[in-house]
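Trainee: Heads up: the sequence lines are chains D and C, in that order.
As numbered in the numbering used here, the first sequence has no gaps in its residue numbers, which increase by one up to the final residue, 1375.
As numbered in the numbering used here, the second sequence has no gaps in its residue numbers, which increase by one up to the final residue, 474.
Structure in structure tokens, see below.
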Amino acid sequence: MNNTLRELLNPVQRQSLVISLTAFLTSLLLIVLLSLLTLITVRGGAYFWPTPIYKVSYIDNQANDHMVLAQVTLVDEESATTQLKVATLETPYGSELVVEDTKIKRMELSLDSAAISLIDGRMILARPLYLSSSDKDILPFYSFEAMLAEVELINDEIESIRSNQLASIHEQLAVFDIKGVEADAPAREKLISAFTHAQQEVERLESQRQAYQLRVGFADGRALSVNLSSVDNLYFVSDLSFIETWGVVLSRVRTFLTESPKQANTAGGVFPALFGTILMVFMMTIIVTPFGVLAAIYLSEYAPDNLFTSIIRISVSNMAGVPSIVYGVFGLGFFVYTVGGNIDALFFSDTLPAPTMGAPGVFWAALTMAILTLPVVIVATEEGLRRVPEGLKQGSYALGATKLETIMKTILPIASPGIMTGVILAIARAAGEVAPLMLVGAVKFAPNLPIDSEFPFLHLDRQFMHLGVLIYDGAFHSQTNIKSASMMFASCLLLLGVVFVLNLLAVWLRTRLRKRYLQY
Amino acid sequence: MLKLFEHNTLHVNSIDEANTAIDVQGLNLWFGNKHVLNDISLKIAKNQITALIGQSGCGKSTLINSFNRLNDLHNSCKYTGKVVINGKDINHKKVNVSRLRSKVGMVFQRPNPFPMSIYDNVCYGLRLQGVKARRQLDDAVESALKEAALWDEVKDRLFESAGILSGGQQQRLVIARALALKPEILLLDEPTSALDPLTTLFIEELMGELKKRCTIVIVTHNMQQAARVSDFTAFFHQGSLIEYADSDTLFTMPEKNKPKITLPVVMVN
Ligand SMILES: Nc1ncnc2c1ncn2[C@@H]1O[C@H](COP(=O)(O)OP(=O)(O)O)[C@@H](O)[C@H]1O
Ligand SMILES: [Mg+2]
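Below is the structure:
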């Protein structure tokens, strides 16, 4: 075989064969990579892109005629079917329906239909008809913005009564309770009457707000009233200009990035998860960098050159290959239960048996990820340290520097690009891991962020949300719900973005350091 | 002329206590099982230039590294015998190695400026000693760079990276870096072997100047260089001191004071 090949082709041909083979394989790899990126970008982008609403009339299996408003979610050429998200009075938020193309009688853009997003994250597909307010009069739809502003005003008013009056009365009453003021003391009664008064005011405002209604109709002529106070925004998605389309995309991206998930992680935004991911990676970096660098310095500069050191070195590089779930189990068993449990017993014994540090939390997650990424940092740092020329170290010693001074002033600066490489790899790995995190602190839904304005601001014991967990969760919903699938892809896109940005930052830093020590 | 002649008659055996910068007494040195220096005894004269010559691998670098205890960096290094500087054995355990190294400066074969500015390079040793005052550092940098004949070339770019300098300039920077600590002894380990001939001459001239300030020990495997610059020359072969004499005797009257091994053959690199 080899011989025949050699006979058939001259050296130049053989070389070009090798070149084309390698080029082919490289392009194959690129294609796979590109299609992955395209899939995630397209499916993730679909979450933000406004889908037009059609007026569809079709015949169902019982030969009944139907007229519905619908968004097309999937066109299957092969089986000649169309998957629709259909909105009717019974299912105003849309339900999945697969219709054979032959059964569809008519399908036309419904220019006056809108996608109405509610505050709770759900979305109604319907034709806005008119508005009604407390005066029982009916207003044309074009005063939508003005009415929404009125509702907003009432909201503000309620909010200000709640925070300024009700809350402060509450506090004063609590003080009375502590001081043991009699239940029928005049001061207390005065407060209580003020409280009821404010509460009545709130109730009055709420009922006033309740009266603001939006009437929407469906394709078959039936109609539904929607509370204006529950409407977040409204777009005529079938009738958007190019700029308007991008406006909708931008506003949805903003919602996605800044708001909390709604409807069991199928709508709303992912801010807490984004925040949790970045915070965890950040804490992990702060923990792993000094540990990794110190360990590498010890191994390459101080450790005697013997069998024991070799064994440690081999173990460290093998640690990088341990499945991540094992680290998760270790984190749970050691950090959470053993270390955390002991901390609780020592410092938080007054709140036991409710655990404080003895439960999964963001700090334990960061620590577990730090252990997981430690080998990467150690190996890369050692590599960087090895690259420091012997001559420079000798030069430093020859000027009277001690070993520590030489390490601090000469070796570490020159090895810093190597250290950065390790940190980059660690960040990339930590941002993408999900499995161990689910054991040590990442949850599908956390009521609070790990950082807030309450002392001590950074709550290391709190559980946190993570983009990876959100994606994992979304993958389970996705079999039944297209919407959550695209939210999952959008989260994927965001996670990729986060890893990309973190890497970019680190690479930029490394390039700067490299430039500084270019000659070495 | 007469004075010059007198100078030339100075013999290695006549180096007295007061004029000895380094007194090596029966130094044996091993790297692991390898016997690298074999019973070396020699006195290096103060404010003179002593050249160490010999084949590559014969232990010249190891010998001068034992003058500032740079061999301590290698765990496998063992020795017996003494190296006496200023009346004290430098291998004594009470000796402050940092102080010793700042008094015995060293320049290596390959220029090794640190990846920092020219200014910071020269200040490196002083800052280690805790000197922080800007004025003091400025003055030290200027005088060290002047002594190393580099000041005029770099005075306008003191704060640029040392990496932009040419090889010869870098080597002079390394010399200045050592001089900033006001050393008594300057060890040069093949300082010009990575440089072009003109730069080499320049540095040789510089050595003539520096000799007034400190004792110079230079390792070279260039015979002409040893003959040109040195007052004394020690010739090594496979870790042993074969010949030690004033350079004029060694290089001009070989038949009278014949080395046990013919020099030209040994010196082929
Ligand atoms: N760190 C070391 N470990 C083991 N052997 C060494 C070490 N340094 C030098 N040697 C050996 O000592 C001998 C002398 O080396 P060196 O002093 O560098 O020679 P020269 O400078 O004369 O060329 C050589 O054979 C070299 O292999
Ligand atoms: Mg050498």
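Note that CB positions come from ideal geometry on N, CA and C, so glycine has one too.
Have a look at the DSSP bridge pairing and note the partners of asparagine 1082(D).
Mentor: Taking the first sequence and counting its residues from 1, the one referred to as residue 1082(D) is at position 227. Asparagine 1082(D) is bridged to Gln1068(D).
Trainee: Does DSSP put proline 1291(D) in a helix, in a strand, or in coil?
Mentor: Position 436 of the first sequence, counted from the first residue, corresponds to residue 1291(D). DSSP places proline 1291(D) in helix when its eight states are reduced to three.
Trainee: For valine 1243(D), tell me which candidate among Trp1219(D), Ile1009(D), Pro1268(D) and Lys1258(D) has the shortest Cα-Cα distance.
Mentor: To locate residue 1243(D), count along the first sequence from 1; it is residue 388. Valine 1243(D) has its Cα closest to that of Pro1268(D), out of Trp1219(D), Ile1009(D), Pro1268(D) and Lys1258(D).
Trainee: Spatial neighbours of valine 911(D) within its chain, please: CB distance less than 6 Å, with the 5 preceding and 5 following residues excluded, ordered by chain position.
Mentor: Residue numbering aside, residue 911(D) sits at position 56 when the first sequence is read from its first letter. The residues are Val923, Ala925 and Met962.
Trainee: Tell me which residues share the same chain as threonine 1100(D) and place their Cβ nearer than 7 Å to its Cβ, disregarding the 5 neighbours each side in the sequence.
Mentor: Position 245 of the first sequence, counted from the first residue, corresponds to residue 1100(D). Pro905.
Trainee: Alpha carbon to alpha carbon, how far is glutamine 917(D) from tyrosine 1327(D)?
Mentor: Here residue 917(D) corresponds to residue number 62 of the first sequence, with the count starting at 1. Here residue 1327(D) corresponds to residue number 472 of the first sequence, with the count starting at 1. Taking the straight line joining both Cα atoms gives about 39 Å.
Trainee: What in chain D is Cβ-close to phenylalanine 236(C), meaning under 9 Å?
Mentor: The sequence position of residue 236(C) within the second sequence is 31, counting from 1. None at all; the shortest Cβ gap to chain D is about 14 Å.
Trainee: With H, G and I counted as helix, E and B as strand and the rest as coil, what does DSSP make of methionine 822(D)?
Mentor: There is simply no residue 822(D) to check, as chain D begins at 856 and stops at 1375 in what is shown.
Trainee: Flag this pair as yes or no: are the beta carbons of leucine 247(C) and leucine 446(C) separated by less than 8 Å?
Mentor: Translated into positions along the second sequence, residue 247(C) becomes position 42. Translated into positions along the second sequence, residue 446(C) becomes position 241. Cβ distance < 8 Å, so leucine 247(C) and leucine 446(C) count as in contact.
Trainee: Ends of the alpha helix (DSSP H) at alanine 1150(D)?
Mentor: Along the first sequence, read from residue 1 onward, the residue named residue 1150(D) stands at position 295. Note, alanine 1150(D): alpha helix (DSSP H), 1126-1152.
Trainee: Would you list the residues sitting across from serine 233(C) in a DSSP beta bridge?
Mentor: Numbered from its first residue, the second sequence carries residue 233(C) at position 28. In the sequence as presented, serine is not what sits at residue 233(C); that position holds asparagine. According to DSSP, which records beta bridges pairwise, asparagine 233(C) is partnered with Thr285(C).
Trainee: Which residues of chain C have a Cβ atom closer than 8 Å to the Cβ of tyrosine 1372(D), listed in chain order?
Mentor: Stepping through the first sequence from its first residue, residue 1372(D) is reached at position 517. Within 8 Å Cβ-Cβ: Pro320.
Trainee: Is the stretch 1299-1317 of chain D close to the stretch 1144-1154 of chain D, with three or more CB pairs under 8 Å?
Mentor: No, the stretch 1299-1317 of chain D does not touch the stretch 1144-1154 of chain D.
Trainee: In chain C, what lies closer than 8 Å to tyrosine 1252(D) by C-beta?
Mentor: Start at 1 with the first residue of the first sequence, and residue 1252(D) comes out as number 397. Within chain C, the residues near tyrosine 1252(D) are Leu275, Leu278 and Arg306.
Trainee: Which residues neighbour ligand 4 when neighbourhood means a C-beta less than 5 Å away from any of its non-hydrogen atoms? List them by chain order.
Mentor: This structure lacks ligand 4; the ligands present are ligand 1 and ligand 2.
Trainee: Any contact of the stretch 1079-1088 of chain D with the stretch 870-886 of chain D, i.e. 3+ C-beta pairs under 8 Å?
Mentor: No, the stretch 1079-1088 of chain D is not in contact with the stretch 870-886 of chain D.
Trainee: With respect to 7 Å, is the separation between the Cβ of aspartate 394(C) and the closest non-hydrogen atom of ligand 2 below this value?
Mentor: If you number the second sequence from 1, residue 394(C) lands on position 189. True, at least one ligand heavy atom lies under 7 Å from that Cβ.
Trainee: Can you check whether the CB of phenylalanine 903(D) is closer than 8 Å to the CB of valine 1108(D)?
Mentor: For this step, residue 1108(D) is matched to residue 253 along the first sequence. For this step, residue 903(D) is matched to residue 48 along the first sequence. For valine 1108(D) and phenylalanine 903(D), yes; Cβs fall inside 8 Å.
Trainee: If we define contact as Cβ-Cβ less than 8 Å, is asparagine 252(C) a contact residue for chain D?
Mentor: Reading the second sequence from its first residue, position 47 is the one you call residue 252(C). No, its Cβ sits nowhere closer than 8 Å to a Cβ of chain D.
Trainee: With respect to 7 Å, is the separation between the Cβ of valine 379(C) and the closest non-hydrogen atom of ligand 2 below this value?
Mentor: Translated into positions along the second sequence, residue 379(C) becomes position 174. No; taking the cut-off as 7 Å, the Cβ of valine 379(C) has no heavy atom of ligand 2 nearer than that.
Trainee: Give the residues from the stretch 322-335 of chain C that approach chain D closer than 8 Å (Cβ to any Cβ), ordered along the chain.
Mentor: The stretch 322-335 of chain C vs chain D, Cβ under 8 Å: Tyr329, Gly330, Leu333 and Gln334.
Trainee: Judging by CA-CA distance, which residue of Ala1253(D), Ala1285(D) and Leu1359(D) is the nearest neighbour of asparagine 270(C)?
Mentor: Working through the second sequence from its first residue, we reach residue 270(C) at position 65. Minimum Cα distance to asparagine 270(C) is reached at Ala1253(D).
Trainee: Which runs of the alpha helix (DSSP H), 4 residues or longer, sit entirely within the stretch 274-332 of chain C?
Mentor: Listed in chain order, the complete alpha helix (DSSP H) runs (minimum 4 residues) inside the stretch 274-332 of chain C are 302-308.
Trainee: To which residues does DSSP link arginine 982(D) through a beta bridge?
Mentor: Position 127 of the first sequence, counted from the first residue, corresponds to residue 982(D). Arginine 982(D) pairs with Gly1072(D).
Trainee: Rounded to a whole number of angstroms, what is the C-alpha to C-alpha distance between leucine 863(D) and leucine 880(D)?
Mentor: For the purposes of this step, residue 863(D) is taken as residue 8 along the first sequence, with counting starting at 1. For the purposes of this step, residue 880(D) is taken as residue 25 along the first sequence, with counting starting at 1. Computed Cα separation, rounded: 23 Å.
Trainee: Which residues, in order along the stretch 1254-1269 of chain D, keep a beta-carbon less than 8 Å from a beta-carbon of chain C?
Mentor: Hits within the stretch, in order: Leu1254, Gly1255, Ala1256, Thr1257, Glu1260, Lys1264, Thr1265, Pro1268 and Ile1269.
Trainee: May I ask you to check if the CB of valine 867(D) is nearer than 7 Å to at least one heavy atom of ligand 2?
Mentor: Counting from 1 along the first sequence, the entry for residue 867(D) is found at position 12. No, the Cβ of valine 867(D) stays beyond 7 Å of every heavy atom of ligand 2.
Trainee: So does valine 424(C) have its beta carbon nearer than 7 Å to some heavy atom of ligand 2?
Mentor: As a working note, residue 424(C) is residue 219 in the second sequence. Yes, since a heavy atom of ligand 2 falls inside the 7 Å radius drawn around the Cβ of valine 424(C).
Trainee: According to DSSP, simplified to helix, strand and coil, what is glutamate 1245(D)?
Mentor: Locating residue 1245(D) in the first sequence gives position 390, counting from the first residue. Residue state, collapsed to three classes: helix.
Trainee: In three-state terms, what does DSSP make of isoleucine 245(C)?
Mentor: Counted from its first residue, the second sequence places residue 245(C) at position 40. Isoleucine 245(C) falls in the strand class under three-state DSSP.
Trainee: For tryptophan 1219(D), count neighbouring Cβ atoms within 10 angstroms of its own Cβ and tell me buried if that reaches 16, exposed if not.
Mentor: Along the first sequence, one-based indexing puts residue 1219(D) at 364. Label assigned to tryptophan 1219(D): buried.
Trainee: At a Cβ cut of 7 Å, what residues of the stretch 1269-1303 of chain D count as close to chain C, listed as they run along the chain?
Mentor: Of all residues in the stretch 1269-1303 of chain D, Ile1269 have a Cβ within less than 7 Å of some Cβ in chain C.
Trainee: So, at 6 Å on beta carbons, what are the nonlocal neighbours of leucine 1021(D) in its own chain, with the 5 sequence-adjacent residues on each side left out?
Mentor: Taking the first residue of the first sequence as 1, we reach residue 1021(D) at position 166. Result list for leucine 1021(D): Ala1053, in chain order.
Trainee: Under 8 Å by Cβ, that's how I've got phenylalanine 1189(D) and leucine 1089(D) pegged, so tell me the actual separation to the nearest angstrom.
Mentor: In the first sequence, counting from the first residue as 1, residue 1189(D) sits at position 334. In the first sequence, counting from the first residue as 1, residue 1089(D) sits at position 234. No, phenylalanine 1189(D) and leucine 1089(D) are not in contact; Cβ-Cβ is about 52 Å, not under 8 Å.
Trainee: Using beta carbons (cut-off 8 Å, strictly below), is leucine 1247(D) in contact with chain C?
Mentor: On the first sequence, position 392 is the one that residue 1247(D) refers to. It does; some Cβ of chain C falls within 8 Å.
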